[in-house]
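Residue numbers (the numbering used here): 231 to 941.
Think of the CB as a built atom: it goes at the ideal place given N, C-alpha and C, for glycine as much as any other residue.
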């Protein structure tokens, strides 16, 4: 699951959640396909030109005046600072020249004091805004019973959206831009390895003010994302009410699965079920209908109707089949499809993001902001890493091994084949019984965290220190990790706990989220500058979470990995990376399509997503798994609630594999994890060089997979 970003840090990230900014003409909506701009790696230009193309004052004269006053040694800082202020200054801001004369700092002691004061200020400002946002989302995020009608409205309000605008109006943003350097990604990649930690912190301080998006646009983005997140959080399928052509009910009573996470995990668990193949094919049909929006609206989170996903017939559920604690829903046999709500939510997020484009000239599309600003990896490099995995010659060889294990030809559901990990053959029911007994509540998991952390290689003292700084809550959705943003506040671990206790799916997610939370504690409490708190991008926190998640069965006492298990781990890592790489390409292509078709309606976007999903499937997956023409890759809920996040998962797998290789050489996990997570938010390659001695690459995973196949 995605770690939830701090609310205050969404100020620079709202537009980022959402690469190349090379312009191409916007075209009218046409046949749904992968757009040419996507295949060439180019993103279309924004509809409007950025505001403030010319300075609001005479910059040349002012620069000369300041150099004469402060000395030639300060020329470079003066010229850069004046230009940075001029790019954001507006007539209503007042007399720029007077402000610059007063606020330019040439005295090193004054500059140091200003830096220290601002670092402390922003830690407190970010931290308390994050806490306010967490409180506003409390009831929509947590499983605390039915939502009141007001809750979605409360959750959509983001108190931090005015902060950047207010800091510009208060001139604090201009003090930063005048005295500290804005840097490009190219500069950070080229010069960053030689920077001091203070220089890195200054770069992160200035980057807070690389845009000046009006607060009302930021708030609109917050509302769109909150609405999409709530839509996904409540998108459940009651599995006992799926019926086949004979009227059979393959799934047990009370099983309620959120799309897509729980549907996918149930599919994985069905490999150990004698009737699993039929159940998997039914789940695939459910997924296909969600993507194509042919799912009847009446069956979504409704245990009072039965549904045959193959024929799409809906009937009223017999009273004896309805769960005793079933929520109140209308029991009518209505087969009318969901009215493209899935894609209306995505379009709302797109339109809100697009309104910010003219105000971010350094990255004038949400695609550019996702790659150039948030990931700090060019889109073309990410795409090259993904296609390197998708087109690897080891793919059919790994597939052959899966075929041999299953004793049949592969099918589309085998995209999620889990049998390479030691627990893949254990019945899901056995694992569920174990985790439900151990973790009847979220509090039980919290109490067990010190033992879990010691099992992961942390000392007893460090495990207790970490556990004391992580709070655990029962999640309304599938789960997420919410970081803290100031020292003194603590990250939150959210995972789903059903009435009978935490099932294995919830436990597996909880261990993953614990990885996020431990990283969040170290990267806030142990980093030398709070302006560098965090990791380079979401792929890195995903990678560190994968390191924890890979040990979930071991933490249940189900055995330590041996040489054979290590081979399984490698093949499992490769297959998971291959799976999600294509999903990431779909997410990227969908955003390119929306920029090429800015006036598209939800139905047109639906057709585009289906066409793009089918195109990527047929190109990379159908030769291995069959199912030509399936839209299965479009099922991932992140596409709706966390736009342009999906590329972080395959990147996270590649990074996690490099980290695992390093841990096998160096270890122990606890000390090395702390060393890595405490390095802070530098560029991806610099972080990886510090952590493992090599930049981000697919080669280690591909080499190890080749070696594993030979063993």
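Using the beta-carbon count (16 or more within 10 Å), is residue i buried or exposed?
i, result
"residue 768", "buried"
"residue 380", "exposed"
"residue 878", "buried"
"residue 564", "exposed"
"residue 681", "exposed"
"residue 351", "exposed"
"residue 782", "buried"
"residue 426", "exposed"
"residue 357", "buried"
"residue 809", "buried"
"residue 560", "exposed"
"residue 299", "exposed"
"residue 505", "exposed"
"residue 498", "buried"
"residue 371", "buried"
Could you have a look at residue i and say whether DSSP puts it in helix, strand or coil?
i, result
"residue 921", "helix"
"residue 709", "strand"
"residue 525", "coil"
"residue 468", "strand"
"residue 423", "helix"
"residue 520", "helix"
"residue 331", "helix"
"residue 372", "strand"
"residue 313", "helix"
"residue 351", "helix"
"residue 719", "strand"
"residue 588", "helix"
"residue 567", "strand"
"residue 321", "helix"
"residue 595", "coil"
"residue 926", "coil"
"residue 624", "helix"
"residue 767", "coil"
"residue 931", "helix"
"residue 778", "helix"
"residue 413", "coil"
"residue 503", "coil"
"residue 268", "In this prediction, residue 268 scores a pLDDT of 29, lower than 50, which makes its location untrustworthy; the coordinate-derived value is nonetheless stated afterwards. Of the three classes helix, strand and coil, the one that applies to residue 268 here is helix, per DSSP."
"residue 657", "coil"
"residue 257", "Note that residue 257 has pLDDT 22, beneath the 50 cutoff, so the model's placement of it is unreliable and no number is given."
"residue 744", "helix"
"residue 530", "coil"
"residue 276", "Caution applies to residue 276, whose pLDDT of 36 falls short of 50 and renders its modelled position unreliable; the model cannot decide the point."
"residue 736", "helix"
At a threshold of 7 Å, does residue i count as lining the ligand GTP (C-beta to nearest heavy atom)?
i, result
"residue 574", "This structure does not include the ligand GTP; it has no bound ligands of any sort."
If you measure between the beta carbons of residue i and residue j, is that distance less than 8 Å?
i, j, result
"residue 740", "residue 675", "yes"
"residue 422", "residue 926", "no"
"residue 746", "residue 771", "yes"
"residue 362", "residue 389", "yes"
"residue 735", "residue 495", "yes"
"residue 519", "residue 513", "no"
"residue 784", "residue 651", "no"
"residue 568", "residue 523", "yes"
"residue 804", "residue 617", "no"
"residue 662", "residue 587", "no"
"residue 843", "residue 874", "no"
"residue 823", "residue 597", "no"
"residue 816", "residue 626", "no"
"residue 488", "residue 465", "yes"
"residue 292", "residue 317", "no"
"residue 311", "residue 409", "yes"
"residue 716", "residue 703", "no"
"residue 762", "residue 430", "yes"
What are the residues that DSSP puts in a beta bridge with residue i?
i, result
"residue 728", "731"
"residue 543", "538"
"residue 486", "468"
8 Å is my cut-off, CB to CB: does residue i come that close to chain D?
i, result
"residue 454", "The structure shown has no chain D; it contains just one protein chain."
Could you name each continuous alpha helix (DSSP H) segment of 4 residues or more that falls completely within the region 660 to 706, going from the start of the chain to the end? 672 to 685, 690 to 697
So within the region 865 to 922, which uninterrupted alpha helix (DSSP H) runs reach at least 4 residues, ignoring any that extend past its ends? 868 to 871, 878 to 895, 899 to 907, 914 to 922
Taking only runs of the alpha helix (DSSP H) that begin and end inside the region 786 to 866, which ones reach a length of at least 4 residues, in chain order? 793 to 826, 832 to 846, 852 to 855
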